[in-house]
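Since the structure comes first, as structure tokens, the remarks are kept for the end.
Numbering (my numbering), first residue to last: 564 to 692.
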């Protein structure tokens, strides 16, 4: 899976959401075409992440019971493991469907771990837009 940073929150998406919420959608947009399943708008997740290199399986087991990114940071620091903080928006439209469902099902601020080609992304969802 590829992690994409800073998918912008433009006024176009905001305006469309506001119009839909206020019932201002056009009649053509409101009508559905027979046999076509409407595609839901992607969710924009504001995420805070820690990026690390590869970690041994034994160390990953130490992360499992942790429920905050601050606790993960403390564990990484205590073991002198290099990491980089990140903060950005990720669109569910850029995620594989199965992963998007897993992210959507997470409790607020719950830690998740995503393997990358050169390490791991450990993160939390701060907000949904």
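Just so you know, even glycine gets a beta-carbon here, dropped at the ideal spot from N, CA and C.
Self-check item: residue 685 (DSSP reduced to helix, strand or coil)
Solution: As a first step, residue 685 must be located in the chain shown, where it is residue number 122. Residue 685: strand per DSSP, three-state reduction.
Quiz item: By DSSP, does residue 656 sit in helix, in strand, or in coil?
Solution: For this step, residue 656 is matched to residue 93 along the chain shown. In the three-state reduction of the DSSP assignment, residue 656 falls in the helix class.
Quiz item: Does the separation of the CB atoms of residue 614 and residue 647 fall below 7 angstroms?
Solution: As a working note, residue 614 is residue 51 in the chain shown. As a working note, residue 647 is residue 84 in the chain shown. Taking a C-beta distance under 7 angstroms as the contact criterion, residue 614 and residue 647 qualify as a contact pair.
Quiz item: The beta strand (DSSP E) with residue 613 in it runs from where to where?
Solution: In the chain shown, residue 613 corresponds to position 50, counting from 1. 607–615 is the extent of the beta strand (DSSP E) around residue 613.
Quiz item: Are residue 611 and residue 677 closer than 7 angstroms when you measure CB to CB?
Solution: Position 48 of the chain shown, counted from the start, is the residue given in the question as residue 611. Position 114 of the chain shown, counted from the start, is the residue given in the question as residue 677. No, they are not a contact pair.
Quiz prompt | Own chain, CB closer than 6 angstroms to residue 655, minus 5 neighbours either side, in chain order | solution = By 1-based counting over the chain shown, the position of residue 655 is 92. Within the same chain, residue 655 has close Cβ partners 605, 606, 663.
Quiz prompt | Opposing strand residues paired with residue 619 [DSSP bridges] | solution = Here residue 619 refers to the residue found at position 56 of the chain shown. In the DSSP output, where bridge partners are listed per residue, residue 619 has none listed.
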